[in-house]
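Chains as they are written, first to last, in my numbering: chain A, 1 to 442; chain B, 443 to 884.
Here the structure comes first, spelled out in structure tokens, and everything after it is commentary.
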């Protein structure tokens, strides 16, 4: 047969350069790639494939790209909420991580995180954590695409008891994963400018430069961080990173909440990218990043959900909805962050932000077939005047019916095909019961 | 049998005065009312009913209370987004309402709105629109509980071509619905202090006082409204309503975004209630209401989703999530609007805010059995350490499996039992196609 898979009978929101929308569209896929995108009906081509997916009038769009996750944190979902930041970190997150985040648990929790993402329409993620080898291994089993960054921090961390080993560990990890799978890209995730020394930052960036991989770093997340860097280095976090030589096109600055005009100009000039995580920034009371200013300065901005301890789920549809609304109210302007802009951030801009813009993020000839189908038959998606506004303001992750990654169907009719989810859920429940007993009741 | 229905095998979040949570709870229901709430197992009582609902380990909580809706606006969902406020109103909403909001269409669109609410766990709403007779009629068919307010405005409105008839129409409507059903309470909905004259406000309030029913009014929603009232009357919108004699315990002020210390003290002193609609206020760029200040001043605050033209769906779980987060980031304090407070706003406080605090909003002996069951088996709700934080930060309307209103099962296993939804959806789709053809393409 000429094509491996044909998708038809849906509204294609391509998110290509013209943001073309094809009301009754047909997509032909061969060897994991999109060969043609055209108006229907599919009769002309249907005989050329044995594998026809009927979108049943739904919305067909690129798989979503989550530019900031800490997948293993699914294990700690909802364990500590509504607390002051330092109590949350020091009394809960850090001791829990130290006690429970071994490589086995990291793998199980990452399986759950990947399952949630695939089921809610995210086909690509950019993760940063420790024991990242186990995260990447889990991702590989689930069929998701992603960039997976080994954590670097100048403290004791899960899997890296001696911080003197952090760079070596990250280097070994990156080399191991460089050519394992076309779906998995390694990366280095420096925790932040206030938890890594300048020497560590420089060495970590050297690893990513020599391997041409992504450098991730939390930057200017809170006022407290901004003040710390200011008092220690006399400049803002962004300017400090610039001086340290960290900023280039393969660096993604996560959060970038406390940034001023100068910082924004610097980020733009260096071609660095930003991951915007509005729900995490809201829940942890970090602040509102000046995203409309980033966009005016032509910075590539992707959306991220952050980890489950601060969100508490990786549904990018919710994140789009909030991203569209928070800047409107912040600037008292209902026209900023329109639905189309937000969809781009959750797809093509996100892909570009993590170095995968050539492979994914839009439905175009030559791209990998990372595609999702939204079931528009539920009452809350009826009527439909505008699919673009529907995606952002009405749909949620639970409306995603089918998901393909690189042409392979991994979710069909809301069921995960790629691995045995129930076994994973059972293991998570057992682990959680143990944590509840050991940690929360003492 | 002693009981009509018994619900068991779930975590009951009672939202009673002590916010009691019963890990393995049993609820016995008779004649639409809750007779007992106790710890399980259910063996002791199971033989006393033929109708046993197994919550399968899920969360059992009071049905949610949506304190501000415009149900017929479901027909216009997503028809105009991301526009400047006056263009949105004058070029889209007002002409569309004038052309399409006849009583027949209002009824069909309200059926859809009620279906969405029930399916996403809302068992009570407080609505305000024109042709409200048709809204109440639709609600009655669907089995939802609610307060339904006939709109009053000093302009031509759907069903009230001559504004001189607005008070008479509202009065007739209120009298008609006073004793039709225990689930339906009539109300009067004055549009706002800038679209109703003082004389109209006074006459409308007189109708509600003489019938002991709720008076609803949009108040201090936008800066523009605040400035208009200030320049016309020399006082803030809240103080203007106080001077006009509108404020008492049966008045609900919707939005109350542009309110200062004095306004808040006045609202508190008069015992008036507030409906907080964070997503609408964000999307329309109205502003952020000072809700933590309202709560400090012991004002009863309920949550609302507003109409589908400004949200774009009535899922109160999303509204809880955003309500919890927006004030944290606004005040840079992660401890404000904790999950428990937000759940109270979406249940018992909402019920109190619309005059139904004795009937609904909590799971307690003597209350009507308005109860929902959340399926906690989906990956994004696993693991579960804290059901309270789960409800606000992880669950969504699509996780609601079963819904009872006054003891009657109206949603079972995510399917609506009370009326034929498919016929309604077909009629909505036909109507939308006509609107698309007539209005959007000319």
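From the three backbone atoms N, C-alpha and C, an ideal C-beta is built for every residue, glycine too.
Interface partners of residue i on chain B, CB under 7 Å
| i | result |
| --- | --- |
| residue 322 of chain A | 764 |
| residue 415 of chain A | Neighbours of residue 415 of chain A on chain B: none; closest Cβ ~12 Å, over 7 Å. |
| residue 325 of chain A | 721, 724, 725 |
| residue 429 of chain A | 824, 825 |
| residue 396 of chain A | 838, 840 |
Endpoints, the beta strand (DSSP E) within which residue i is located
| i | result |
| --- | --- |
| residue 53 of chain A | 52-54 |
| residue 35 of chain A | 33-39 |
| residue 145 of chain A | 145-152 |
| residue 717 of chain B | 715-718 |
| residue 3 of chain A | That residue, residue 3 of chain A, is in no beta strand (DSSP E); it is neither H nor E in DSSP. |
| residue 93 of chain A | No beta strand (DSSP E) holds residue 93 of chain A; DSSP gives it neither H nor E. |
| residue 470 of chain B | 463-472 |
| residue 62 of chain A | 59-62 |
| residue 45 of chain A | Looking at the DSSP string, residue 45 of chain A is not in any beta strand (DSSP E); the run it does join, the alpha helix (DSSP H), is 43-46. |
Nearest-angstrom beta carbon gap, residue j and residue i [assumed within contact, 8 Å]
| i | j | result |
| --- | --- | --- |
| residue 460 of chain A | residue 109 of chain A | Any question about residue 460 of chain A goes unanswered here, given that chain A covers just 1 to 442. |
| residue 558 of chain B | residue 380 of chain A | 5 Å |
| residue 194 of chain A | residue 175 of chain A | That pair is no contact at about 28 Å. |
| residue 456 of chain A | residue 724 of chain B | In the structure as shown, chain A begins at 1 and stops at 442. Residue 456 of chain A is therefore absent and cannot be evaluated. |
| residue 339 of chain A | residue 393 of chain A | 7 Å |
| residue 399 of chain A | residue 382 of chain A | Residue 399 of chain A to residue 382 of chain A, Cβ: 12 Å. No contact. |
| residue 565 of chain B | residue 814 of chain B | 7 Å |
| residue 504 of chain B | residue 748 of chain B | About 22 Å separates the two Cβ atoms, so there is no contact after all. |
| residue 76 of chain A | residue 93 of chain A | 7 Å |
| residue 25 of chain A | residue 11 of chain A | 7 Å |
First through last residue of the alpha helix (DSSP H) which encompasses residue i
| i | result |
| --- | --- |
| residue 736 of chain B | 733-738 |
| residue 576 of chain B | 574-584 |
| residue 623 of chain B | Run containing residue 623 of chain B: none; DSSP gives neither H nor E here. |
| residue 382 of chain A | Unbroken run through residue 382 of chain A: none, as it is neither H nor E. |
| residue 671 of chain B | 665-675 |
| residue 344 of chain A | 339-346 |
| residue 697 of chain B | Careful: residue 697 of chain B lies outside any alpha helix (DSSP H), inside the beta strand (DSSP E) at 693-697. |
| residue 209 of chain A | 198-211 |
| residue 70 of chain A | Counting along the chain, residue 70 of chain A falls outside any alpha helix (DSSP H), and DSSP gives it neither H nor E. |
| residue 872 of chain B | 863-877 |
| residue 770 of chain B | 758-773 |
| residue 752 of chain B | Careful: residue 752 of chain B lies outside any alpha helix (DSSP H) and carries neither H nor E. |
| residue 687 of chain B | Looking at the DSSP string, residue 687 of chain B is not in any alpha helix (DSSP H), and its letter there is neither H nor E. |
| residue 219 of chain A | Run containing residue 219 of chain A: none in the alpha helix (DSSP H); it sits in the beta strand (DSSP E), 214-219. |
| residue 566 of chain B | That residue, residue 566 of chain B, is in no alpha helix (DSSP H); its beta strand (DSSP E) goes 564-571. |
| residue 807 of chain B | Per DSSP, residue 807 of chain B belongs to no alpha helix (DSSP H) and is neither H nor E. |
| residue 830 of chain B | 829-835 |
Partners in chain A for residue i, counting only beta-carbon separations shorter than 8 Å
| i | result |
| --- | --- |
| residue 525 of chain B | 334, 335 |
| residue 454 of chain B | Going along chain A, no residue has its Cβ under 8 Å from residue 454 of chain B, so there is no contact; the nearest lies around 18 Å. |
| residue 831 of chain B | 78, 81, 82, 312 |
| residue 821 of chain B | 112, 115, 116, 119, 421, 425 |
| residue 835 of chain B | 78, 81, 283, 311, 312, 313 |
Chain A residues whose Cβ lies nearer than 7 Å to that of residue i
| i | result |
| --- | --- |
| residue 770 of chain B | 282, 283, 285 |
| residue 586 of chain B | None at all; the shortest Cβ gap to chain A is about 13 Å. |
Contact set between residue i and chain B, taken where Cβ atoms lie within less than 9 Å
| i | result |
| --- | --- |
| residue 385 of chain A | 518, 519, 520, 521, 522, 874, 877, 878, 882 |
| residue 256 of chain A | Within 9 Å Cβ-Cβ: nothing; residue 256 of chain A doesn't reach chain B, min ~15 Å. |
Chain B contact residues for residue i, given Cβ-Cβ distances below 8 Å
| i | result |
| --- | --- |
| residue 338 of chain A | 523, 524 |
Residue i CB to nearest heavy atom of the ligand ATP below 8 Å
| i | result |
| --- | --- |
| residue 614 of chain B | The ligand ATP is absent from the structure shown, which contains no ligand whatsoever. |
Report yes or no: do the stretch 352-368 of chain A and the stretch 825-834 of chain B share at least 3 C-beta pairs separated by less than 8 Å?
no
Three or more C-beta pairs under 8 Å: does that hold for the stretch 835-854 of chain B against the stretch 529-546 of chain B?
no
Counting only Cβ-Cβ distances shorter than 7 Å, please list the residues of the stretch 550-567 of chain B near chain A, keeping chain order.
554, 557, 558, 561
Under 8 Å: do the stretch 576-585 of chain B and the stretch 867-876 of chain B share three or more Cβ pairs, one atom per stretch?
no
Specify whether the stretch 142-151 of chain A and the stretch 81-96 of chain A touch according to this definition: at least 3 beta carbon pairs, one from each stretch, less than 8 Å apart.
no
Contact set between the stretch 708-738 of chain B and chain A, restricted to residues whose Cβ is under 8 Å from the partner:
721, 723, 724, 725, 726, 727, 728, 729, 730
Do the stretch 249-256 of chain A and the stretch 724-741 of chain B touch if we need at least three Cβ pairs shorter than 8 Å?
no
Chain A contacts made by the stretch 843-867 of chain B, where a contact means CB separation under 9 Å:
858, 863, 866, 867
Quick test of the definition: if touching needs 3 or more C-beta pairs under 8 Å, does the stretch 646-658 of chain B touch the stretch 627-634 of chain B?
yes
Report yes or no: do three or more beta-carbon pairs, one from the stretch 299-310 of chain A and one from the stretch 488-505 of chain B, lie closer than 8 Å?
no
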